[in-house]
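*Asks:*
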Amino acid sequence: MGKRHTALRTTTTGAVSAALLAGTALGFAPSVAATETTATDTAAGIRFVDIAGDGGTVLKANVITPAGSDGTRRYPVIVLPTSWSMPQIEYLAQARKLADAGYVVVSYNSRGFWQSGGNIEVAGPPDIADASKVIDWALAHTPADPERIGMAGVSYGAGISLLAAAHDKRIKAVVAMSGWADLIDSIYSGRTQHLQAAAMLGGTGYLTGRPSPELQQILKDFLASNLDKEQEMIAWGAKRSPAFALEKINANGAAIMLGNAWGDTIFPPNQYASFYEKLTGPKRLEFRPGDHATAEATGLLGLPNDTWTNAHRWFDHHLKGVDNGIDREQPVQLKSRSTGGYEGYPDWKSVGANERKIALADAQKVYANVDSGANGGIIMLSNALDQFLKLPPMASIPLLPRSFAAVWQSERYDTVQRVRGTAKLHTTVTSTESSGTLVAYLYDVGPLGVGKLVSNAPYTFHGKTPGRPFAVDLELFSTAYDVPAGHRLALVVDTVDPLYIEHNPSGARLTFSSPSSDPSYVSVPLREK
């Protein structure tokens, strides 16, 4: 990320500062007093306990055991680390269901949050050691079977569960929902800081916990675009990324189920799909409409939920040996944003088996630093509206100012175009400055010119020679979307999006061209008919 860039908008800086300082300004960060391990019975089979984590750090937890457990038999155990900023009762509804199905369930507040001790380490080594300590505790204090151990979690809990599976061979099955495999590719994809995601994580971390000094410095450098520290930040993220522990995960052989939403604005789906393809043990991948954790949210309330239903089936098969057929289903299960049914595929590469290229033939020039009106929406809100109301972010394509947005459109399609997988942009860019940011959007455009967002992605460059063309290859965020017959696809490229930090110096201009020796295009993956 060489020197600090002053091109960031003052509104961006203000928004970030407000989000990150909110916790300390309001004084909400909870204090913790370490105590001896205790247990409090609140109802039959439910206990609230203190567990000694790594280095003796107190982890606040709750335990639910199957009804009638009397110490004469062992049960499979599920360990549930909490999501970022969530209290330890987050999983209570699902924990009860699992206990009713014959599991011991231990949920615990991840270190640094709420009343658990320590600092927020962002799935660092202490967090992974904590997971093993919780397993140790469960084996010593509950009727848990040491041969049948599973871990699951949403968001932060998902990442911790995957990393724990790399370091603890006792873990036989994992369900990781709305999590990450590559932290760098999640919030720094295209070498671009995901502003709203990082600000929300930082702000809620201060509000509900105690960020470690290391995390505080990482947030400061990341959001200030301190490129002198870029490699340090990447190394910090790699240490916390299951994708960089893949060899250990595969060696340990845990059965891994991954679930995520197409519109996850914190952990986009691409990095999960790439990770899934490299797993060698039993595995399953599910993608659904929604934003971060919205696909699992109703299940946390105890309501019917496909993700949690399949999580239970996954554990039943891999920890209890139940022949429920989940191992015979197609391992990649997708739900389109446009239709209600599921589609099964043998692997990720089969999802978009066909591709259609849209030529970007006409050279176009845009001025930077101005939002054209095309954008990816608001974190958590926009893609939730798409999930429940089928209302993705929209823009009037004919009205986008061509001084600030480059626009190319396909022909009108006679048949439905079932977009599945990862669209890819290849183009040639010439900048008047050495650094800059562009954001690409793929729209479904109806007869009236209204575009519904299909996908988007940012791209940032540094150290380029002004006036010298360079190639750009950019993967847009993976999706499943049906473009109706009579519609067309449009690619829009501008330089500003509230979701991201942009690095365009004042007065910068970008030119997009298509040399005959290296034509520009966007490749759109399509489902086989």
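Remember, my numbering sits 64 above the position in the sequence shown when you count from 1. Virtual Cβ for every residue (Gly too), placed ideally from N, Cα, C. It should be emphasised that the depicted structure is a prediction, and the values quoted were computed from it without experimental measurement.
Tell me Tyr406's beta-bridge partners as DSSP assigns them.
*Replies:* Beta-bridge pairing links Tyr406 to Lys399.
*Asks:* Counting C-beta neighbours from all protein chains within 10 Å, is the total for Ser581 16 or more, i.e. buried, or is it exposed?
*Replies:* So Ser581 counts as exposed.
*Asks:* Where do the N-terminal and C-terminal ends of the alpha helix (DSSP H) with Asn447 fall, by residue?
*Replies:* That run of the alpha helix (DSSP H) goes 446-453.
*Asks:* Helix, strand or coil for Leu214? Go by DSSP, reduced to three states.
*Replies:* A small correction: the amino acid at residue 214 is Gly; Leu does not occupy that position in the sequence shown. Of the three classes helix, strand and coil, the one that applies to Gly214 here is strand, per DSSP.
*Asks:* Taking only three categories from DSSP, how would you classify Val480?
*Replies:* Val480 falls in the coil class under three-state DSSP.
*Asks:* Comparing C-alpha positions only, which one of Asn324, Ala504, Tyr477 sits nearest to Pro353?
*Replies:* Nearest of Asn324, Ala504, Tyr477 to Pro353, Cα basis: Asn324.
*Asks:* Taking Glu393 as the reference, give the member of Asp411, Arg401, Ile224, Leu365 with the closest Cα.
*Replies:* Taking only the C-alpha atoms, the option nearest Glu393 is Asp411.
*Asks:* Return the chain-ordered list of same chain residues with a C-beta closer than 6 Å to the C-beta of Leu349, the five sequence neighbours on each side being excluded.
*Replies:* Closer than 6 Å at Cβ, skipping near neighbours: Leu322, Tyr340, Val396.
*Asks:* Looking only at its chain, what residues have a beta carbon closer than 8 Å to the beta carbon of Trp378, apart from the 5 residues adjacent to it on each side?
*Replies:* Ala237, Val239, Ala319, Met321, Arg348, Ile390.
*Asks:* Just tell me which of Ala469, Ala309, Thr501, Gly176 has its CA closest to the CA of Glu278.
*Replies:* That would be Gly176, whose Cα lies nearest to the Cα of Glu278.
*Asks:* Helix or strand or just coil, what does DSSP make of His567?
*Replies:* Of the three classes helix, strand and coil, the one that applies to His567 here is coil, per DSSP.
*Asks:* Short of 6 Å in beta carbon distance, which residues of its chain neighbour Lys488, apart from the five on each side in sequence? Order them along the chain.
*Replies:* Contacts found: Glu539, Ser587.
*Asks:* Measuring only the C-alpha atoms, how far is Gly91 from Leu271?
*Replies:* Only weak support exists for where Gly91 lies, its pLDDT of 33 falling under 50; the value from the coordinates is given anyway. Those two C-alpha atoms are separated by around 8 Å.
*Asks:* Can you tell me which of the three DSSP states Lys233 falls into?
*Replies:* It is coil, neither helix nor strand.
*Asks:* Judging by CA-CA distance, which residue of Pro456, Thr501, Asp478, Leu512 is the nearest neighbour of Leu463?
*Replies:* The shortest Cα separation from Leu463 among Pro456, Thr501, Asp478, Leu512 belongs to Leu512.
*Asks:* By DSSP's criteria, His258 is part of a beta bridge. Which residues make up the other side?
*Replies:* Its beta-bridge partners are Tyr564.
*Asks:* Under the rule that 16 or more other beta-carbon atoms within 10 Å means buried, what is Gln597, buried or exposed?
*Replies:* Any property of residue 597 remains undetermined from this structure, which presents the chain solely from 65 to 593.
*Asks:* Along the alpha helix (DSSP H) that carries Val168, what are the first and last residues, could you check?
*Replies:* Val168 -> not in any alpha helix (DSSP H); beta strand (DSSP E) instead, spanning 168-172.
*Asks:* Alpha carbon to alpha carbon, how far is Ala93 from Ala423?
*Replies:* Unreliable placement is indicated for Ala93, whose pLDDT of 36 sits below 50; no coordinate value is reported for it.
*Asks:* For Ile282, which residues of its own chain have a beta-carbon under 7 Å away from its beta-carbon, when the five flanking residues on both sides are left out?
*Replies:* Correct list, in chain order: Met297, Trp300.
*Asks:* Taking 7 Å as the limit between beta carbons, can you name the residues of its chain near Ser519, skipping five residues before and five after?
*Replies:* If we look at Ser519 and ignore the five residues flanking it on each side, its Cβ neighbours are Ala487, Leu506, Leu540, Phe541, Thr543.
*Asks:* What residues are listed by DSSP as bridge partners for Phe177?
*Replies:* Paired residue(s): Gly273.
*Asks:* Can you list, in chain order, the residues of its chain with a C-beta nearer than 8 Å to that of Thr121? Leave out the 5 residues immediately preceding and following it.
*Replies:* Same-chain partners within the cutoff: Ala98, Arg175, Ser180, Gly181, Gly182, Pro190, Asp194.
*Asks:* Among Thr529, Val547, Thr494, Lys516, which has the Cα closest to the Cα of Pro579?
*Replies:* Among Thr529, Val547, Thr494, Lys516, the Cα nearest to that of Pro579 belongs to Thr494.
*Asks:* Label Arg274 either buried or exposed according to how many other C-beta atoms from any shown protein chain fall within 10 Å of its C-beta, with 16 as the threshold for buried.
*Replies:* That one is buried.
*Asks:* I need the straight-line Cα distance from Asn418 to Arg591, nearest angstrom please.
*Replies:* Cα-Cα distance, rounded: 6 Å.
*Asks:* Whole angstroms are fine: how far does the CA of Ala425 sit from the CA of Thr501?
*Replies:* Computed Cα separation, rounded: 21 Å.
*Asks:* What are the residues that DSSP puts in a beta bridge with Asp194?
*Replies:* According to DSSP, which records beta bridges pairwise, Asp194 is partnered with nothing at all.
*Asks:* Below 7 Å CB to CB, which residues in the same chain sit around Tyr585 once its five sequence neighbours on both sides are set aside?
*Replies:* Same-chain partners within the cutoff: Lys421, Ile422, Ala423, Leu424, His490.
*Asks:* Is Gln152 helix, strand or coil by DSSP?
*Replies:* Of the three classes helix, strand and coil, the one that applies to Gln152 here is coil, per DSSP.
*Asks:* For Arg160, does the three-state DSSP call read helix, strand or coil?
*Replies:* Three-state result, Arg160: helix.
*Asks:* Grab me the residues of Leu310's own chain with a C-beta within less than 6 Å of its C-beta, minus the 5 sequence neighbours each way, in chain order.
*Replies:* Cβ within range, chain order: Lys342.
*Asks:* Tell me the DSSP secondary structure of Thr99 in three-state form.
*Replies:* Residue placement at Thr99 is flagged as unreliable, the pLDDT there being 36, under the threshold of 50; the coordinate-derived value follows with that caveat. Residue state, collapsed to three classes: coil.
*Asks:* Which residue marks the beginning of the beta strand (DSSP E) containing Ile142, and which one marks its end?
*Replies:* Segment 139-145, the beta strand (DSSP E) holding Ile142.
*Asks:* Work out the CA separation of Val480 and Asp246 for me, nearest whole Å.
*Replies:* Their Cα atoms are separated by approximately 34 Å.
*Asks:* Rank Thr403, Ala469, Ala163 by C-alpha distance to the C-alpha of Ala427 and give the top, closest one.
*Replies:* Among Thr403, Ala469, Ala163, the Cα nearest to that of Ala427 is on Ala469.
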